[in-house]
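Participant:
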Amino acid sequence: MIAIIDYGAGNVKSVYNALNRLGAESLITSDSEQIKGAHKVIFPGVGHAKPAMEKLQRSGLDEVIKNLKQPVLGICLGMQLMCSHSNEGDVSGLGIFTERVRKFEGQIKIPHMGWNELIDPKGSLFEGITEGSNVYFVHSYFVEMGSQTSAKCEYLIPFSASLRERNFFGVQFHPEKSGEIGSKILSNFLNMNS
Amino acid sequence: MLKKRIIPCLDIKDGRTVKGVNFVNLRDAGDPVELAKAYSTEGADELVFLDITATVDKRKTLIELVERISEEINIPFTVGGGISELEDVGDLLKAGADKVSVNSAAVKKPELLSEIADLYGNQCLVLGLDANKVHGEWKVFTRGGRTETKLNAIEWAKEAEERGAGEILLTSMRKDGTKSGFDVELTEAITTETKIPIIASGGAGKIEDFTEIFTMADAALAASIFHFGEIPIPQLKTKLRQQNIPIR
Chain F
1 MIAIIDYGAG NVKSVYNALN RLGAESLITS DSEQIKGAHK VIFPGVGHAK
51 PAMEKLQRSG LDEVIKNLKQ PVLGICLGMQ LMCSHSNEGD VSGLGIFTER
101 VRKFEGQIKI PHMGWNELID PKGSLFEGIT EGSNVYFVHS YFVEMGSQTS
151 AKCEYLIPFS ASLRERNFFG VQFHPEKSGE IGSKILSNFL NMNS
Chain V
195 MLKKRIIPCL DIKDGRTVKG VNFVNLRDAG DPVELAKAYS TEGADELVFL
245 DITATVDKRK TLIELVERIS EEINIPFTVG GGISELEDVG DLLKAGADKV
295 SVNSAAVKKP ELLSEIADLY GNQCLVLGLD ANKVHGEWKV FTRGGRTETK
345 LNAIEWAKEA EERGAGEILL TSMRKDGTKS GFDVELTEAI TTETKIPIIA
395 SGGAGKIEDF TEIFTMADAA LAASIFHFGE IPIPQLKTKL RQQNIPIR
């Protein structure tokens, strides 16, 4: 069973649909026992970091997520909340990843919206995914490059398209909306040993 | 490099895909779920689903249809038409939409844009902007192009950006359905005054129209040329790639 964490921050249905298309049984839940007992956990999220982090804290899910031992995949804002700090609302994150979250600046369109290339994708999440594969991004804040970066992307500057620390994975892009490439990445996650 | 997006638009009336010329004379163009699946498979970068009768008939958008389409496709998906309040947005996102496009309701109550952006984030908020030139000025139209407003299109685009719109779906009414090319003048006027991505819409007729508009727009939307198979998406993308336009 895959738990999709529902904490009132965004579109969980498309993640559910994507897993369903891959034949995986999943459950949209905010129940900490169900999350702890799941084989794998997906931590999605869109929107603003501050209210999202507050919702996690109010429900106690912040502590639950940090202590999970099974594979966990944070998507978009989910990944950003797993970082140490976000400039969006100046909030502390879960601190699973040491990298920090900053806003895009300069002569570029913001949000960074659309299909962009994965550069140097590494590790089990990206098995079978080649350099230059396009995935779908939509975000105004980004995670800096760091020691936990497992794939990067470039939008004026290089940033972390993906992060990895032990059983925790994060992707800035939306694998559930990234066509066949995204399906392959989700499928790699589903195939990991719990 | 960020790619230019090709976006088929599914105009929906009574659960079927239709496409009008200059917003009238609707012709039947098929089952939206089948079209959505086909486009997703063919390489469309996103889909836009507009319930074009919703505002006029005061109907709520067809939530069930949105659910069916979202189950079938694995690319981003915008829904518009008939969104009049915050609750409508929540319902559509819950049904599987990634973004909502708001037009008439935002003109009536601009705070709605801020409310949506604050609650759901600007990544899911698209301003639907239908514009036409009236006595030399770009004016905003609502209710599917039926009602002229007092708003200047450029000023309205800037206000929407400030209020938190993440993107603008910019339709030129004088070009819509004519297949005579996108509205370069309108698109340039809006892109130079805003910083958010712009989807150009209205007038797509041939491959060169996309080449031209991609010098300024971030995405291009079309309906009938795709629905009736006049320009297949794979062929369009191959041609654009040959011209060194960044395409997925």
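Those protein sequences? They're chains F and V, same order as listed. Counting in our numbering, the first sequence runs from 1 upward without gaps. Counting in our numbering, the second sequence runs from 195 upward without gaps. Idealized CB from N, CA, C, for every residue including glycine.
#1: Can you have a look at V/S264 and say buried or exposed, based on whether 16 or more other CB atoms are within 10 angstroms of its CB?
#2: Mind listing the chain V neighbours of F/G182? Cutoff is C-beta to C-beta under 8 Å, in chain order.
#3: In angstroms with no decimal places, state the Cα-to-Cα distance between V/K288 and F/N11.
#4: Could you list which residues in chain V have their beta carbon closer than 8 Å to that of F/A18, in chain order?
#5: Can you list the residues of chain V that F/N11 reaches, using a CB-CB cut of under 7 Å?
#6: Provide the residue(s) that pair with V/P202 in DSSP beta bridges, ordered along the chain.
#7: With distances taken between CB atoms, is the gap from F/S30 to F/Y16 smaller than 8 Å?
#8: By the 10 Å Cβ neighbour count, where 16 or more other Cβ atoms means buried, how is F/L156 classified, buried or exposed?
#9: Ends of the alpha helix (DSSP H) at F/Y7?
#10: Assuming the contact rule is C-beta atoms closer than 8 Å, F/K66 and F/I96 should be a hit. Round their C-beta distance to whole Å, please.
#11: Can you give, in chain order, each stretch of the alpha helix (DSSP H) that sits fully within the region 49 to 118 of chain F and has at least 4 residues?
#12: Mind reading off the beta-carbon distance from V/I267 to V/K231? Whole number of angstroms is fine, and I expect it under 8 Å.
#13: What's the C-alpha gap between V/D285 and V/A416?
#14: Can you list, in chain order, the stretches of the alpha helix (DSSP H) that have 4 or more residues and sit fully within the region 301 to 325 of chain V?
#15: Note down, one range per segment and in chain order, each beta strand (DSSP E) of at least 3 residues found wholly within the region 345 to 402 of chain V.
#16: I'd like to know if the region 141 to 160 of chain F and the region 227 to 247 of chain V are in contact, where contact means that at least 3 CB-CB pairs between them fall below 8 Å.
#17: Pull out every residue of the region 113 to 135 of chain F whose Cβ sits closer than 9 Å to any Cβ of chain V, in chain order.
#18: Quick check on V/C203 - is its C-beta less than 8 Å from some C-beta in chain F?
#19: Over what stretch of residues does the beta strand (DSSP E) that includes F/P158 continue unbroken?
#20: For V/D324, is the classification buried or exposed, using 16 other Cβ atoms within 10 angstroms of its Cβ as the cut-off for buried?
#21: Three-state secondary structure (DSSP) at V/D285?
#22: Could you give the DSSP three-state label for V/V260: helix, strand or coil?
#23: Can you tell me where the beta strand (DSSP E) with V/G274 in it begins and where it stops?
#24: Can you check which of these residues, V/K400, V/E281, V/K431, is closest to V/L306 by C-alpha distance?
#25: Given V/I419, which residues of its chain have a CB within under 6 Å of its CB, disregarding the five upstream and five downstream residues?
#26: Assuming the contact rule is C-beta atoms closer than 8 Å, F/L73 and F/F104 should be a hit. Round their C-beta distance to whole Å, please.
#27: If we call anything under 8 Å between Cβ atoms a contact, is V/P440 one with V/D412?
#28: Applying the criterion that 16 or more other CB atoms from any shown protein chain within 10 Å of the CB defines a buried residue, is F/P175 buried or exposed?
#29: Just curious, the alpha helix (DSSP H) that V/C427 is in, first and last residue?
#30: Let's test the definition: count the other Cβ atoms within 10 Å of the Cβ of F/Q172 and tell me whether it reaches 16, buried, or not, exposed.
#31: Could you name the residues that DSSP lists as bridge partners for V/D245?
#32: Beta strand (DSSP E) containing F/G37: first to last residue?
#33: Under 8 Å between C-beta atoms, does F/P111 make it to chain V?
#34: Quick one: what's F/N134 bridged to in DSSP?
Facilitator: Reading from the atomic positions:
#1: Of the other Cβ atoms in all chains shown, 16 or more fall within 10 Å of the Cβ of V/S264; this residue is therefore buried.
#2: Those within 8 Å of F/G182 in chain V are N268.
#3: Distance between the alpha carbons of V/K288 and F/N11 is about 7 Å.
#4: At a beta-carbon threshold of 8 Å, the residues of chain V lying near F/A18 are N268, ordered along the chain.
#5: Under the 7 Å cutoff, chain V gives L287, D292.
#6: DSSP output for V/P202 lists V/A416 as bridge partner(s).
#7: Result no, Cβ atoms of F/S30 and F/Y16 do not sit closer than 8 Å.
#8: By the 10 Å Cβ count, F/L156 comes out exposed.
#9: Per DSSP, F/Y7 belongs to no alpha helix (DSSP H) and is neither H nor E.
#10: Indeed, because the Cβ distance is near 6 Å, the residues count as touching under 8 Å.
#11: Here the runs fully enclosed are 49 to 59, 61 to 66, 77 to 81.
#12: V/I267 to V/K231, Cβ: 7 Å. Contact.
#13: Near 26 Å, if we compare the C-alpha coordinates of V/A416 and V/D285.
#14: Here the runs fully enclosed are 305 to 314.
#15: The region 345 to 402 of chain V contains these whole beta strand (DSSP E) runs: 361 to 366, 392 to 395.
#16: With the cut-off at 8 Å, the region 141 to 160 of chain F and the region 227 to 247 of chain V do not touch.
#17: Taking 9 Å as the Cβ-Cβ cut-off against chain V, the residues of the region 113 to 135 of chain F that qualify are M113, G114, W115, N116, E117, N134.
#18: No, V/C203 does not count as interfacial toward chain F.
#19: F/P158 -> beta strand (DSSP E) spans 157 to 165.
#20: Burial call: buried.
#21: The answer is helix: DSSP assigns V/D285 an H, G or I state.
#22: Correct three-state label for V/V260: helix.
#23: Element bounds for V/G274: 271 to 274.
#24: When the alpha-carbon of V/L306 is set against those of V/K400, V/E281, V/K431, the nearest one is in V/E281.
#25: Excluding five sequence positions before and after V/I419, the CB atoms of its chain that fall closer than 6 Å to its own CB belong to A398, I425, given in chain order.
#26: Contact flag wrong, Cβ pair sits at about 23 Å.
#27: Contact flag unset, no.
#28: Around the C-beta of F/P175, 16 or more other C-beta atoms lie within 10 Å, and the residue is accordingly described as buried.
#29: One point to set straight first is that residue 427 of chain V is Ile, not Cys, in the sequence displayed. Run containing V/I427: 427 to 436, per the alpha helix (DSSP H) assignment.
#30: By the 10 Å Cβ count, F/Q172 comes out buried.
#31: Answer by DSSP bridge pairing, in chain order: V/I206.
#32: Not the beta strand (DSSP E): F/G37 falls in the alpha helix (DSSP H), residues 32 to 37.
#33: So, interface residue.
#34: According to DSSP, which records beta bridges pairwise, F/N134 is partnered with F/E117.
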